[in-house]
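In my numbering, the protein residues as written are 999 to 1518.
Here a beta-carbon is modelled for each residue, glycine too, at the ideal position from N, C-alpha and C.
For clarity, every value in this text was computed on a predicted model and none was experimentally measured.
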Ligand SMILES: Nc1ncnc2c1ncn2[C@@H]1O[C@H](COP(=O)(O)OP(=O)(O)OP(=O)(O)O)[C@@H](O)[C@H]1O
Ligand SMILES: [Mg+2]
């Protein structure tokens, strides 16, 4: 069978193009030899399962009794009585799949007379005694376990850890999931005094997976070229890396869309423009990965972070669990310059998803934007938007999604531009914590139009200050884009301002560039 770019679940060497999975982790064999317990945490679809399955296979080749098992069945079962049988079932199933009969654990009913909450430990002791070789467990989706079940799981592992060793208890256990151990501990603190952290050495034992590097992406795409002769141009590789920052699923998804749908003629090279088209198709297809990301935006703790990143002028709650959570989800990253979307593709998805929802329940407005020559009449467009905003702002703010109220003007304006673009064009969005503004570049009919969106927050700001900052920022942005004219839209969110006070019109010369400042 021909290999292909995998976009569903873990990779398999025989069927998928893939990078050596284990090489993505530090060498964990010494950890097993030292009998350490550890946590592997990384965002969704980064290759955790692929890497850990490969690691288990290598340990088995060395003669260890190693299994990879998933605890996903434990999801939603917070009571020990319900969850514990699923753990035993998962271990049994995993052993059946990957070990010869003589190395499997004893039958599950051998522990059915043990008290609940001790069965797992007894079972693992019996298994270790039976095989008399090092037993290693890699427990995937460990962060779906919650409540008293989580406390019990960690307690039983801890109790066994004290006596671990060949013939006694698994010598090494890895917990795999999205969240770090610290967060398991926070979750499990519901009243019961546990200290389950001790076996899992937090400093030495918390690993994560990096994204693919530029070279990794080139190597992966090169496998397709080797198999089929179809080339990815260097610019295409570059563009794919840029859109994804090397996020493993996205890297595969862009390539899959190109070679399976957009350019099926293998004699045609994949270009950067194809990657751009694949990016657009991926966003519009609402693939599960992006859809799940979109769902996360509804969570209030995620909203707190995302809104601050989007507006660029709000305090990001860096020290909070909310922020750690958003980072663990893989949604945002935190370079020195300030928090931002984890990659340009997510940056676009977040903004589009939120702005789409903001406008979804409004009647289709009519916008007089087209000139006879097909270009945009931007002044007419801004005037029409201003009027429409004046009529609808109150309703829009009232109906805004939880956690995104301050961002309503930004989201609505983006939604509005998206409609324009749906008739043929492109929007590039720039936003990040600390930027102080949302920058939009609209490319349409061969022309570039630049907009900078700022707001006057309800407190601590004056029009003069915001205007002054905005003029400076947009001058830099106009330079970067290479145009001499742009729009600075300032939304006034101070209480008690009348529309007469809010609506201002001013054209300003900033170092030879024309900035049209519009208050609303
Ligand atoms: N070694 C690899 N080489 C190339 N692509 C990979 C590799 N590992 C993972 N991927 C990509 O990442 C996707 C997810 O892989 P996998 O299921 O192993 O990740 P995961 O982190 O366990 O995901 P989940 O969070 O859904 O459990 C794959 O479908 C594939 O697109
Ligand atoms: Mg997985």
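Cβ pair residue i, residue j closer than 8 Å
{"i": "residue 1228", "j": "residue 1257", "result": "yes"}
{"i": "residue 1516", "j": "residue 1491", "result": "no"}
{"i": "residue 1065", "j": "residue 1203", "result": "no"}
{"i": "residue 1171", "j": "residue 1070", "result": "no"}
{"i": "residue 1168", "j": "residue 1218", "result": "no"}
{"i": "residue 1349", "j": "residue 1308", "result": "yes"}
{"i": "residue 1207", "j": "residue 1046", "result": "yes"}
{"i": "residue 1085", "j": "residue 1057", "result": "no"}
{"i": "residue 1431", "j": "residue 1336", "result": "yes"}
{"i": "residue 1269", "j": "residue 1234", "result": "yes"}
{"i": "residue 1474", "j": "residue 1488", "result": "no"}
{"i": "residue 1041", "j": "residue 1327", "result": "yes"}
{"i": "residue 1216", "j": "residue 1166", "result": "no"}
{"i": "residue 1027", "j": "residue 1132", "result": "no"}
{"i": "residue 1429", "j": "residue 1436", "result": "yes"}
{"i": "residue 1003", "j": "residue 1253", "result": "yes"}
{"i": "residue 1386", "j": "residue 1378", "result": "no"}
{"i": "residue 1281", "j": "residue 1236", "result": "no"}
{"i": "residue 1213", "j": "residue 1251", "result": "no"}
{"i": "residue 1094", "j": "residue 1106", "result": "no"}
{"i": "residue 1114", "j": "residue 1120", "result": "no"}
{"i": "residue 1060", "j": "residue 1147", "result": "no"}
{"i": "residue 1177", "j": "residue 1226", "result": "no"}
{"i": "residue 1134", "j": "residue 1062", "result": "yes"}
Beta-bridge pairing of residue i - partner residues as DSSP gives them
{"i": "residue 1204", "result": "1037"}
{"i": "residue 1437", "result": "1428 and 1450"}
{"i": "residue 1065", "result": "1135"}
{"i": "residue 1173", "result": "1037 and 1137"}
{"i": "residue 1230", "result": "1268"}
{"i": "residue 1484", "result": "1513"}
{"i": "residue 1394", "result": "The partner list for residue 1394 (beta bridge, DSSP) is empty, contrary to what the question assumes."}
{"i": "residue 1374", "result": "1368"}
{"i": "residue 1331", "result": "1338"}
{"i": "residue 1474", "result": "Per DSSP, none; premise fails for residue 1474."}
{"i": "residue 1502", "result": "1517"}
{"i": "residue 1442", "result": "1445"}
{"i": "residue 1014", "result": "1002"}
{"i": "residue 1163", "result": "1167"}
{"i": "residue 1508", "result": "1511"}
{"i": "residue 1239", "result": "Per DSSP, none; premise fails for residue 1239."}
{"i": "residue 1321", "result": "None, per the DSSP bridge assignment."}
{"i": "residue 1490", "result": "1454"}
{"i": "residue 1198", "result": "1035"}
Which listed residue (the options) has its alpha carbon closest to that of residue i
{"i": "residue 1034", "options": "1483, 1283, 1463 and 1136", "result": "1136"}
{"i": "residue 1433", "options": "1446, 1421 and 1451", "result": "1451"}
{"i": "residue 1129", "options": "1144, 1395, 1097 and 1207", "result": "1097"}
{"i": "residue 943", "options": "1010, 1107, 1175 and 1266", "result": "Outside the modelled stretch of the chain, which goes from 999 to 1518, sits residue 943, for which no answer is possible."}
{"i": "residue 982", "options": "1272, 1251, 1410 and 1211", "result": "Residue 982 lies beyond the range of the chain shown here (999 to 1518); nothing can be said about it."}
{"i": "residue 1249", "options": "1278, 1514, 1265 and 1209", "result": "1209"}
{"i": "residue 1043", "options": "1013, 1028, 1005 and 1025", "result": "1005"}
{"i": "residue 1089", "options": "1107, 1068, 1077 and 1079", "result": "1068"}
{"i": "residue 1140", "options": "1175, 1116, 1106 and 1161", "result": "1175"}
{"i": "residue 1426", "options": "1435, 1448, 1050 and 1409", "result": "1448"}
{"i": "residue 1340", "options": "1144, 1106 and 1304", "result": "1304"}
{"i": "residue 1104", "options": "1113, 1211, 1276 and 1091", "result": "1091"}
{"i": "residue 1298", "options": "1282, 1324 and 1277", "result": "1324"}
{"i": "residue 1530", "options": "1374, 1513, 1376 and 1504", "result": "This structure cannot settle anything about residue 1530, because the visible part of the chain is limited to 999 through 1518."}
{"i": "residue 1403", "options": "1375, 1213, 1355 and 1083", "result": "1355"}
{"i": "residue 1138", "options": "1463, 1145 and 1054", "result": "1054"}
{"i": "residue 1353", "options": "1378, 1408, 1379 and 1306", "result": "1408"}
{"i": "residue 1320", "options": "1338, 1300 and 1306", "result": "1300"}
{"i": "residue 1279", "options": "1264, 1296, 1260 and 1295", "result": "1260"}
{"i": "residue 1462", "options": "1423, 1483, 1494 and 1504", "result": "1504"}
{"i": "residue 1144", "options": "1077, 1471 and 1277", "result": "1077"}
{"i": "residue 1015", "options": "1246, 1374 and 1100", "result": "1246"}
{"i": "residue 1599", "options": "1001, 1007 and 1318", "result": "Coverage of the chain is limited to positions 999 through 1518, which leaves residue 1599 absent and any answer about it impossible."}
Chain B within 8 Å of residue i, Cβ atoms only
{"i": "residue 1161", "result": "Reference to chain B is not applicable here, since this structure consists of a single protein chain."}
Check: residue i C-beta below 7 Å from any heavy atom of ligand 4
{"i": "residue 1040", "result": "Ligand 4 is absent from the structure shown, which contains only ligand 1 and ligand 2."}
(request) Take every Cβ of the stretch 1405-1424, pair it with every Cβ of the stretch 1499-1513, and state whether three or more of those distances are shorter than 8 Å. (result) no
(request) Flag this pair as touching only if the stretch 1146-1159 and the stretch 1013-1022 have three or more C-beta atom pairs under 8 Å; answer yes or no. (result) no
(request) Spell out a yes or no on whether the stretch 1386-1395 and the stretch 1433-1447 are touching, meaning 3 or more CB-CB pairs, one atom from each, closer than 8 Å. (result) no
(message) Please output, in chain order, the residues near ligand 2 using a CB cut-off of less than 7 Å to any non-hydrogen atom of the ligand.
(response) Answer in sequence order: 1008, 1046, 1047, 1138 and 1139.
(request) Kindly confirm or deny that the stretch 1329-1337 and the stretch 1309-1321 touch, where touching means at least three C-beta pairs closer than 8 Å. (result) Counting C-beta pairs with one atom in each stretch, the stretch 1329-1337 and the stretch 1309-1321 have three or more that are closer than 8 Å, which means they touch.
(request) Determine, using beta-carbon pairs with one atom in the stretch 1286-1302 and one in the stretch 1229-1242, whether at least three such pairs fall under 8 Å. (result) no
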